[in-house]
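All residue numbers in the sequence shown are consecutive under this note's numbering, ending with 237.
Ideal Cβ placement from N, Cα and C applies to all residues, glycine included.
Down below is the structure, laid out as structure tokens.
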Amino acid sequence: PHMYSIPTGNVGIGTDNPTEKLTVTGIIESTSGGFKFPDGTIQTSASSGGGDTAWAWWIGTGIDGDIYRMGNVAIGAISAMDKLDVGGGIRADYIRAQTNEDLEFKTDEGATRLKITDDGDIDAEYNTIVKYHGYPYPDYDSGPRYMDQGEYYRVLNHNLGGSANYYVVDLIYGSGNNIRQSHYIAYYDPVTHGHEEYGYLWRNLNDETVTIHRGFDEAEDCFRVRIWVYHG
């Protein structure tokens with residue numbers, strides 16, 4: 006036989022192990038009438054007919070999620086505003102963005118609060134960290150620069166834009182007489198070190214340039230300037 010009835014009250018067609026009230030292994034054909042659902046509606050077509058616009062999962066007496074004909078999916082919500090709309094937490098091993106696309110996190114109003122660009126930059130709304138690798142790389146790095154004794158100052162073009170109020174500047178230097186960044190700023194101590202003035206300092210910082218000054222000592226000096234932009 007091809008129909009089975011077991012003590013649980015389940016009926017199987019094409020199977021001897023029905024797990025629901027009616028379990029069918031094969032194709033079900035309806036030539037007229039359609040399918041009647043618990044709410045009284047009759048579905049006569051797979052695409053519309055019954056007038057419903059979604060396929061709902063039911064757990065107990067509540068709706069747990071819907072798949073809409075427009076392609077949006079809702080989990081834990083009764084409407085889907087995007088391709089995936091989740092009313093609750095999301096747990097995943099990883100999130101993958103499309104090739105050469107930014108990954109953005111937005112508010113309900115559509116404002117971007119966090120963006121991870123395809124080249125690895127992180128923009129956390131008003132707080133930009135470029136190429137973050139545990140310690141943020143600077144937005145500007147002059148690299149080692151050398152200044153002769155008579156040069157006294159040099160203007161560097163960083164062209165970072167925005168407001169210099171949101172810059173963080175780091176100036177380091179070294180010289181041929183073993184004076185290092187522990188002396189950090191232009192230093193006056195002719196008695197101890199035998200120099201009228203040595204070291205470096207920066208000033209006149211704006212959104213395009215920064216000016217570096219060196220002391221009058223005779224040592225061969227080099228410096229390096231790095232700037233981070235944290236806001237703006």
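Going by the DSSP bridge assignment, what does residue i pair with across the sheet?
i      : result
THR28  : GLY17
ASN22  : Note: ASN22 sits in no beta bridge, so no partner.
LEU176 : VAL230
ASN162 : THR214
PHE40  : GLN48
TYR205 : ARG219
TYR151 : CYS227
Nearest-angstrom Cα distance between residue i and residue j?
i      : j      : result
ILE121 : GLY155 : 46 Å
GLU106 : GLN48  : 42 Å
THR104 : TYR172 : 32 Å
ARG150 : TYR235 : 25 Å
TYR99  : ASP113 : 23 Å
VAL91  : ARG101 : 18 Å
ASP175 : PRO143 : 10 Å
LEU206 : ARG159 : 11 Å
GLY179 : ASP126 : 31 Å
TYR145 : GLY167 : 13 Å
GLU34  : GLY14  : 23 Å
ILE177 : ASP123 : 32 Å
GLY157 : HIS163 : Note on identity: in this sequence residue 157 is Tyr, with Gly being the wrong assignment. Straight-line Cα distance between these residues: approximately 20 Å.
ALA85  : PHE228 : 57 Å
GLY115 : PRO43  : 39 Å
ASP153 : ALA97  : 57 Å
ILE95  : ILE32  : 37 Å
Which same chain residues end up closer than 6 Å to residue i when comparing Cβ atoms and leaving out the 5 residues on each side of it in sequence?
i      : result
LEU89  : VAL78
ARG208 : THR216
THR117 : GLU109 and LYS111
ALA129 : LEU119
GLY39  : ILE47, GLN48 and THR49
SER37  : none
With a CB to CB cut of under 7 Å and the five nearest residues on each side skipped, what residues in its chain are close to residue i?
i      : result
LEU161 : SER147, THR214, VAL215, ILE217 and VAL230
LYS41  : ILE47
ASP87  : ASN77
PRO12  : none
Going along the chain, which residues of its own chain have a beta-carbon closer than 8 Å to the beta-carbon of residue i, five neighbours each way excluded?
i      : result
ALA169 : LEU210, ASN211 and ASP212
GLU25  : ASN15
So residue i and residue j are in contact, right, with Cβ under 8 Å, and what is the actual spacing, rounded?
i     : j      : result
GLY45 : THR30  : At roughly 29 Å, the Cβ-Cβ gap does not stay under 8 Å, so GLY45 and THR30 are not in contact.
ILE83 : LEU165 : Between LEU165 and ILE83 the Cβ distance is about 48 Å, and since that is not below 8 Å, they are no contact.
Quick one: complete alpha helix (DSSP H) runs, 4+ long, within the segment 91-148?
none
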